[in-house]
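Chains as they are written, first to last, in my numbering: chain C, 2 to 361; chain Y, 10 to 322. Glycine included, each C-beta is placed from N, C-alpha and C at the ideal position. The structure displayed is predicted, hence computed values, not measured ones.
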């Protein structure tokens with residue numbers, strides 16, 4: 002209620018005006034006091050937080066240093082020299098899967114990931130891959146060997162650190178990385194990535210099955226388009242998803258029909274594309290991070306031979322079939338066989354492709 | 010940066026990085042170590058309640074390239090395990106290394122992530138500020154993108170704030186009108202045929218009609234992401250766009266830019282008055298516009314930017 006309205010309504014009786022002023026002033030004062038009280042409270046609480054947090058830092062820090070002596074079993078230390086590119090991401094994922102599938106590591110809820118990042122490596126992709134192994138991540142990414150060496154003692158006990166030390170010294174791994182049967186089923190999409198990938202496929206047609214065709218980074222989109230479009234008509238119940246090794250498409254495909262799907266054009270980030278590989282019903286392509294994602298998720302995969310030097314697939318892995326590089330006619334036959342395998346093995350997948358709910 | 014009280018936002022990350030570099034510069038430290046704390050039981054502050062224990066990791070992954078825009082970066086650490094984070098903080102306390110925010114501010118959960126006070130005072134004292142640099146790991150693909158899609162034209166980075174189109178709209182009063190930008194792109198086809206507009210930002214934050222403009226390319230439609238977009242921007246491709254995350258990245262770089270629709274309320278955080286032509290630390294090819302965009306205004310501003318770069322970028 003303003004002063005003027007009071008005056009006009011009361012015919013100029015000042016007593017009401019004075020009263021209104023008083024009320025207004027009192028309200029202002031109360032508001033000021035309330036704000037001051039709030040500020041004082043916030044100020045005091047911030048120092049209370051500070052006192053408790055300082056104590057927590059000291060005690061928690063000392064406790065962690067004590068546990069580094071070898072008692073801690075809730076985390077696993079994994080190291081890797083990140084050189085970038087699809088081949089290195091694939092090696093990283095296989096090593097990760099192999100470390101985590103060791104029986105003694107089952108109870109660990111956290112991964113201490115130490116990365117030595119070299120020039121062209123995209124750090125985010127390594128972190129995203131690590132998240133697919135259903136553990137919380139503590140990342141230490143170092144840009145040079147000296148820093149890497151300084152950080153290792155804060156991550157792992159002396160015995161566990163031995164392997165991490167080596168990474169900073171040794172030359173890059175060139176041999177094929179063994180893919181063991183125990184690793185299959187260890188790759189699970191975190192909720193959001195998995196949901197987005199599934200939604201993506203559902204929007205296209207929730208009733209159909211999807212075959213992921215992975216192609217080399219260098220392949221031109223025209224060639225891929227011609228290759229796949231000549232085949233999809235033979236398998237009407239299936240739809241084909243084309244995934245390029247690298248993220249960048251050098252040309253937007255002329256046709257992105259519902260039968261020939263290009264996730265790279267749909268704004269899917271790296272994590273969602275990985276989840277898509279894990280969600281697709283069948284996958285064919287050379288060894289790369291996406292075929293590996295499908296294999297580790299337990300999906301039927303046909304690895305074309307070009308990546309033989311990258312992965313050494315154990316013979317007892319049943320969902321992965323490695324074949325030599327194929328010409329167009331053989332490739333069609335191979336896709337047909339893959340589709341049949343997928344139909345036959347669908348029930349078994351329920352054991353391995355359950356998505357992980359992250360522990361809180 | 011502890012996300013229990015700090016926001017997951019590109020603009021705030023860029024401001025924070027600049028302040029961190031200023032602390033390093035003040036103490037003559039050549040190397041920077043970034044420590045990010047994202048604890049599952051309290052993944053976000055009250056400002057971003059849509060970020061929960063089930064999705065914070067993906068939000069963090071999406072924002073990670075922004076934290077790599079720092080020249081002297083020695084290491085970056087992300088902690089999801091409180092005990093491990095405490096161990097690192099204890100190390101910082103014992104060695105008394107300078108930090109931003111200071112350890113006291115951190116434990117009081119008081120982080121000034123908006124204001125330019127510290128940056129302006131550093132500039133007043135030294136006459137320069139540390140700039141952001143392109144994040145590592147994206148350069149090769151960003152170059153290939155330019156070659157494949159810009160086709161010899163000059164790439165111009167554009168960001169139109171369209172939070173209202175996203176799943177989690179926030180501060181939509183700061184959004185720009187897609188209509189005026191669409192009309193501007195159409196006008197630019199004849200007015201500046203050598204310009205290729207690279208539309209950056211979230212995949213949900215652009216209208217479909219923009220993808221059909223002949224002079225507009227969208228990196229996220231070609232399989233690229235935030236890291237590539239920041240690389241293009243911080244490598245020096247001129248920027249024009251709404252006051253938002255990408256404009257903050259441009260603000261702390263040498264990239265020529267025009268920032269449109271600067272929020273009047275933000276002037277006090279920037280330490281300038283409403284209507285100021287540029288930030289105190291800006292170069293002569295960097296401008297601010299405080300008015301709501303119209304296609305004519307954008308065209309005028311772009312013409313000014315285009316002339317300043319001589320059509321070359």
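Nearest-angstrom beta carbon gap, residue j and residue i [assumed within contact, 8 Å]
| i | j | result |
| --- | --- | --- |
| residue 67 of chain Y | residue 193 of chain C | 4 Å |
| residue 329 of chain Y | residue 167 of chain Y | This structure cannot speak to residue 329 of chain Y, because chain Y is shown only from 10 to 322. |
| residue 213 of chain C | residue 244 of chain C | 6 Å |
| residue 311 of chain C | residue 343 of chain C | About 23 Å; that fails the 8 Å criterion. |
| residue 153 of chain C | residue 115 of chain C | 7 Å |
| residue 115 of chain Y | residue 11 of chain Y | 6 Å |
| residue 123 of chain C | residue 117 of chain Y | Wrong, their Cβ atoms sit about 35 Å apart, outside the cutoff. |
Cβ of residue i within 8 Å of any chain C Cβ
| i | result |
| --- | --- |
| residue 212 of chain Y | yes |
| residue 116 of chain Y | yes |
| residue 161 of chain Y | no |
| residue 63 of chain Y | yes |
| residue 147 of chain Y | yes |
| residue 49 of chain Y | yes |
| residue 221 of chain Y | no |
| residue 59 of chain Y | no |
| residue 5 of chain Y | A query on residue 5 of chain Y cannot be resolved here, the shown segment of chain Y reaching from 10 to 322 and no further. |
| residue 55 of chain Y | no |
| residue 92 of chain Y | yes |
| residue 29 of chain Y | no |
beta-carbon residue i near the ligand FAD non-hydrogen atom, thresh 7 Å
| i | result |
| --- | --- |
| residue 13 of chain Y | As far as ligands go, the structure on display features none, and thus does not contain the ligand FAD. |
Contact with chain Y by residue i, beta-carbon distance below 8 Å
| i | result |
| --- | --- |
| residue 311 of chain C | no |
| residue 48 of chain C | yes |
| residue 342 of chain C | no |
| residue 62 of chain C | yes |
| residue 153 of chain C | no |
| residue 123 of chain C | yes |
| residue 57 of chain C | yes |
| residue 135 of chain C | no |
| residue 132 of chain C | yes |
| residue 40 of chain C | no |
| residue 108 of chain C | no |
| residue 99 of chain C | no |
| residue 84 of chain C | no |
| residue 141 of chain C | yes |
Per-residue burial, residue i [other beta carbons within 10 Å of its own, 16 or more giving buried]
| i | result |
| --- | --- |
| residue 17 of chain Y | buried |
| residue 31 of chain Y | buried |
| residue 181 of chain Y | exposed |
| residue 190 of chain Y | buried |
| residue 133 of chain Y | exposed |
| residue 25 of chain Y | buried |
| residue 34 of chain C | exposed |
| residue 91 of chain C | buried |
| residue 319 of chain Y | exposed |
| residue 244 of chain Y | buried |
| residue 54 of chain C | buried |
| residue 85 of chain C | buried |
| residue 295 of chain Y | buried |
| residue 87 of chain C | buried |
| residue 96 of chain Y | buried |
| residue 1 of chain C | Past the boundaries of the shown model lies residue 1 of chain C; chain C is included only from 2 to 361, so the question cannot be answered. |
| residue 65 of chain Y | buried |
| residue 149 of chain C | buried |
| residue 67 of chain C | exposed |
| residue 125 of chain C | buried |
| residue 5 of chain Y | Because chain Y spans 10 through 322 in this model, residue 5 of chain Y falls outside it and cannot be assessed. |
| residue 303 of chain C | buried |
*asked:* Under 7 Å, CB to CB, which of the residues in the stretch 246–266 of chain Y have a partner in chain C?
replied: Those residues of the stretch 246–266 of chain Y that come within reach of chain C (Cβ to Cβ, closer than 7 Å) do not exist; the list is empty.
*Any residues in the stretch 67–89 of chain Y with a beta carbon nearer than 7 Å to a beta carbon of chain C? Which ones, in chain order?*
67, 70, 71, 73, 74, 77, 82, 83, 84, 85, 86, 87, 88 and 89
*Interface positions of the stretch 185–199 of chain C facing chain Y (Cβ-Cβ less than 8 Å), listed along the chain*: 191, 192, 193 and 194
*Quick check: the stretch 143–151 of chain Y against the stretch 195–204 of chain Y, are there 3 or more CB pairs under 8 Å?*
no
*Chain-ordered residues of the stretch 258–274 of chain C with a beta carbon less than 9 Å from chain Y*: 263, 264, 265, 266, 267, 268, 269, 270, 271, 272, 273 and 274
*Is it a yes or a no for the stretch 23–31 of chain C touching the stretch 74–94 of chain Y, going by three-plus beta-carbon pairs under 8 Å?*
no
*Using 8 Å as the threshold, is the stretch 272–289 of chain C in touch with the stretch 128–138 of chain C, meaning 3 or more CB pairs across them?*
yes
*So does the stretch 268–279 of chain Y actually touch the stretch 293–303 of chain Y, counting three or more Cβ pairs closer than 8 Å?*
By the C-beta criterion, the stretch 268–279 of chain Y is judged to be in contact with the stretch 293–303 of chain Y, since at least 3 inter-stretch pairs fall below 8 Å.
*Going along the stretch 227–245 of chain Y in order, which residues come within less than 7 Å of chain C, judged by CB to CB distance?*
229, 230, 231, 232, 233, 234 and 236
_So if I threshold CB-CB distances at 7 Å, which residues from the stretch 273–299 of chain Y count as touching chain C?_
Taken residue by residue, none of the stretch 273–299 of chain Y has a beta-carbon sitting less than 7 Å from a beta-carbon on chain C.
*Take every Cβ of the stretch 110–121 of chain C, pair it with every Cβ of the stretch 43–61 of chain C, and state whether three or more of those distances are shorter than 8 Å.*
no
*Report yes or no: do the stretch 238–252 of chain Y and the stretch 134–148 of chain Y share at least 3 C-beta pairs separated by less than 8 Å?*
yes
*Please confirm if the stretch 313–328 of chain C is in contact with the stretch 181–193 of chain C, defined as three or more CB-CB distances below 8 Å between the two stretches.*
yes
_Members of the stretch 108–136 of chain Y that neighbour chain C once the beta carbon cut-off is set at 7 Å_ = 113, 116, 117, 118 and 119
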